[in-house]
Amino acid sequence: MVKLEELLANPKIKAIGEIGLDYYRYTSPASIQKKFFKSQLEVAIKNDKSVIVHNRAADSDIVSIIESVWSEHFEKRLVLHCVTPNSTIFDFAKKKNIFIGLDGDLTYDKDKLEFAKNFPLGLIVLETDSPYLTPEPLKKT
72 MVKLEELLAN PKIKAIGEIG LDYYRYTSPA SIQKKFFKSQ LEVAIKNDKS
122 VIVHNRAADS DIVSIIESVW SEHFEKRLVL HCVTPNSTIF DFAKKKNIFI
172 GLDGDLTYDK DKLEFAKNFP LGLIVLETDS PYLTPEPLKK T
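Positions in the sequence shown are counted from 1; adding 71 to them yields the numbering used here.
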(Lines of atoms letter the chains of each structure in order from A; the text may use other names.)
(Lines give C-alpha, C1' and ligand atoms only; values in the text may rest on other atoms or scores of the structure.)
Protein backbone atom coordinates (compact mmCIF):
# COMPACT_ATOMS: atom_id res chain seq x y z
CA MET A 72 0.00 0.00 0.00
CA VAL A 73 2.91 2.35 0.60
CA LYS A 74 3.93 2.20 -3.07
CA LEU A 75 0.32 2.79 -4.14
CA GLU A 76 0.11 5.85 -1.90
CA GLU A 77 3.35 7.18 -3.40
CA LEU A 78 2.01 6.74 -6.93
CA LEU A 79 -1.33 8.35 -6.12
CA ALA A 80 0.38 11.42 -4.70
CA ASN A 81 1.14 12.40 -8.31
CA PRO A 82 -1.53 14.95 -9.41
CA LYS A 83 -1.36 13.61 -12.98
CA ILE A 84 -2.89 10.34 -11.80
CA LYS A 85 -6.66 10.74 -11.73
CA ALA A 86 -7.93 7.24 -10.91
CA ILE A 87 -7.06 3.87 -9.45
CA GLY A 88 -8.23 0.69 -11.15
CA GLU A 89 -9.18 -1.89 -11.88
CA ILE A 90 -9.43 -2.86 -8.25
CA GLY A 91 -11.99 -5.15 -6.70
CA LEU A 92 -12.91 -8.77 -6.19
CA ASP A 93 -12.75 -11.79 -8.46
CA TYR A 94 -14.36 -14.91 -7.01
CA TYR A 95 -14.63 -16.56 -10.42
CA ARG A 96 -11.02 -17.67 -10.63
CA TYR A 97 -10.18 -17.64 -6.90
CA THR A 98 -6.50 -17.00 -7.44
CA SER A 99 -6.42 -15.38 -3.99
CA PRO A 100 -8.56 -16.15 -0.94
CA ALA A 101 -11.67 -13.96 -0.64
CA SER A 102 -10.58 -12.67 2.77
CA ILE A 103 -7.33 -11.30 1.33
CA GLN A 104 -9.08 -9.81 -1.70
CA LYS A 105 -11.62 -8.04 0.54
CA LYS A 106 -8.92 -6.65 2.82
CA PHE A 107 -6.93 -5.19 -0.06
CA PHE A 108 -9.98 -3.88 -1.91
CA LYS A 109 -11.12 -1.97 1.17
CA SER A 110 -7.61 -0.59 1.74
CA GLN A 111 -7.36 0.52 -1.89
CA LEU A 112 -10.71 2.32 -1.66
CA GLU A 113 -9.53 4.12 1.47
CA VAL A 114 -6.31 5.16 -0.27
CA ALA A 115 -8.36 6.47 -3.22
CA ILE A 116 -10.48 8.61 -0.89
CA LYS A 117 -7.42 9.90 0.97
CA ASN A 118 -5.76 10.88 -2.32
CA ASP A 119 -8.91 12.26 -3.99
CA LYS A 120 -8.90 9.73 -6.86
CA SER A 121 -11.66 8.15 -8.90
CA VAL A 122 -11.96 4.35 -8.94
CA ILE A 123 -12.67 1.66 -11.53
CA VAL A 124 -14.02 -1.46 -9.82
CA HIS A 125 -13.59 -5.03 -11.06
CA ASN A 126 -16.29 -7.44 -9.91
CA ARG A 127 -16.52 -11.07 -10.87
CA ALA A 128 -19.05 -13.18 -8.95
CA ALA A 129 -18.73 -10.98 -5.84
CA ASP A 130 -21.74 -8.64 -6.01
CA SER A 131 -22.73 -8.66 -2.32
CA ASP A 132 -19.18 -8.23 -1.06
CA ILE A 133 -18.48 -5.43 -3.56
CA VAL A 134 -21.56 -3.52 -2.36
CA SER A 135 -20.81 -4.22 1.31
CA ILE A 136 -17.20 -3.03 1.10
CA ILE A 137 -18.01 0.11 -0.89
CA GLU A 138 -20.80 0.89 1.61
CA SER A 139 -18.38 0.43 4.52
CA VAL A 140 -16.06 3.18 3.26
CA TRP A 141 -18.66 5.24 1.36
CA SER A 142 -17.95 8.90 1.06
CA GLU A 143 -19.64 11.52 -1.10
CA HIS A 144 -16.22 11.60 -2.74
CA PHE A 145 -17.25 8.55 -4.78
CA GLU A 146 -20.48 10.00 -6.16
CA LYS A 147 -19.98 10.11 -9.94
CA ARG A 148 -16.31 9.17 -9.43
CA LEU A 149 -16.66 5.43 -9.23
CA VAL A 150 -17.16 3.06 -12.19
CA LEU A 151 -18.40 -0.48 -11.76
CA HIS A 152 -16.60 -2.03 -14.72
CA CYS A 153 -18.27 -4.62 -16.95
CA VAL A 154 -21.40 -5.13 -14.84
CA THR A 155 -23.63 -8.17 -15.06
CA PRO A 156 -27.43 -7.88 -14.91
CA ASN A 157 -27.94 -8.02 -11.18
CA SER A 158 -30.44 -5.94 -9.23
CA THR A 159 -28.09 -5.71 -6.22
CA ILE A 160 -25.46 -3.91 -8.28
CA PHE A 161 -27.85 -1.84 -10.40
CA ASP A 162 -29.95 -0.66 -7.44
CA PHE A 163 -26.84 0.23 -5.44
CA ALA A 164 -25.27 2.12 -8.36
CA LYS A 165 -28.49 4.08 -9.02
CA LYS A 166 -28.89 4.98 -5.35
CA LYS A 167 -25.29 6.17 -5.01
CA ASN A 168 -24.87 7.84 -8.45
CA ILE A 169 -22.18 5.38 -9.49
CA PHE A 170 -21.28 4.79 -13.12
CA ILE A 171 -21.75 1.34 -14.62
CA GLY A 172 -19.70 0.01 -17.50
CA LEU A 173 -21.55 -1.87 -20.24
CA ASP A 174 -19.84 -3.92 -22.93
CA GLY A 175 -20.61 -5.34 -26.35
CA ASP A 176 -22.50 -8.25 -24.82
CA LEU A 177 -25.33 -5.78 -24.35
CA THR A 178 -26.20 -6.54 -27.99
CA TYR A 179 -27.04 -10.18 -27.23
CA ASP A 180 -27.59 -10.36 -23.46
CA LYS A 181 -31.30 -9.57 -23.16
CA ASP A 182 -31.19 -9.37 -19.35
CA LYS A 183 -28.38 -6.82 -19.44
CA LEU A 184 -30.23 -4.80 -22.08
CA GLU A 185 -33.39 -4.67 -19.94
CA PHE A 186 -31.43 -3.50 -16.90
CA ALA A 187 -29.65 -0.88 -19.00
CA LYS A 188 -32.96 0.51 -20.28
CA ASN A 189 -33.92 1.27 -16.69
CA PHE A 190 -30.62 2.84 -15.68
CA PRO A 191 -29.91 6.59 -15.91
CA LEU A 192 -28.20 7.21 -19.25
CA GLY A 193 -25.88 9.78 -17.68
CA LEU A 194 -24.38 7.06 -15.47
CA ILE A 195 -23.59 4.56 -18.24
CA VAL A 196 -20.07 4.19 -19.58
CA LEU A 197 -19.64 2.21 -22.79
CA GLU A 198 -16.68 -0.15 -22.57
CA THR A 199 -14.96 -2.73 -24.65
CA ASP A 200 -13.62 -5.82 -23.02
CA SER A 201 -12.43 -7.01 -26.37
CA PRO A 202 -12.02 -9.68 -27.53
CA TYR A 203 -14.18 -11.24 -24.82
CA LEU A 204 -17.38 -9.18 -24.83
CA THR A 205 -17.71 -8.00 -28.41
CA PRO A 206 -20.98 -6.84 -30.03
CA GLU A 207 -23.16 -9.47 -31.71
CA PRO A 208 -21.80 -9.21 -35.27
CA LEU A 209 -18.26 -9.77 -33.96
CA LYS A 210 -19.10 -12.41 -31.36
CA LYS A 211 -17.04 -15.56 -31.57
CA THR A 212 -19.06 -18.66 -32.41
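For glycine and all other residues, C-beta sits at the position ideal for the given N, C-alpha and C.
Please read these numbers as outputs of a predicted model, since none were measured by experiment.
Separation of residue j from residue i, as counted between CA atoms
i, j, result
"Asn-157", "Val-196", "17 Å"
"Tyr-97", "Pro-82", "34 Å"
"Asn-168", "Thr-199", "22 Å"
"Leu-112", "Lys-188", "29 Å"
"Tyr-94", "Asp-130", "10 Å"
"Ile-123", "Phe-161", "16 Å"
"Leu-177", "Phe-190", "13 Å"
"Val-114", "Glu-76", "7 Å"
"Lys-166", "Lys-74", "33 Å"
"Ile-84", "His-152", "19 Å"
"Glu-143", "Ile-116", "10 Å"
"Glu-89", "Val-154", "13 Å"
"Leu-79", "His-125", "19 Å"
Residue i, buried or exposed, once every other Cβ within 10 Å from all chains shown has been counted against 16
i, result
"Arg-148", "buried"
"Gly-193", "exposed"
"Leu-92", "buried"
"Lys-120", "buried"
"Asp-182", "exposed"
Residues sharing a beta bridge with residue i, DSSP
i, result
"Ala-257", "What the structure shows of the chain is the stretch from 72 to 212, and residue 257 is not part of that stretch, so it cannot be assessed."
"Arg-148", "The partner list for Arg-148 (beta bridge, DSSP) is empty, contrary to what the question assumes."
Reduced DSSP secondary structure (H/G/I, E/B, other) of residue i
i, result
"Asp-93", "strand"
"Phe-170", "strand"
"Val-73", "helix"
"Val-196", "strand"
"Val-154", "coil"
contact_flag[the region 101-108, the region 138-146] where n(CB pairs < 8 Å) is 3 or more: no
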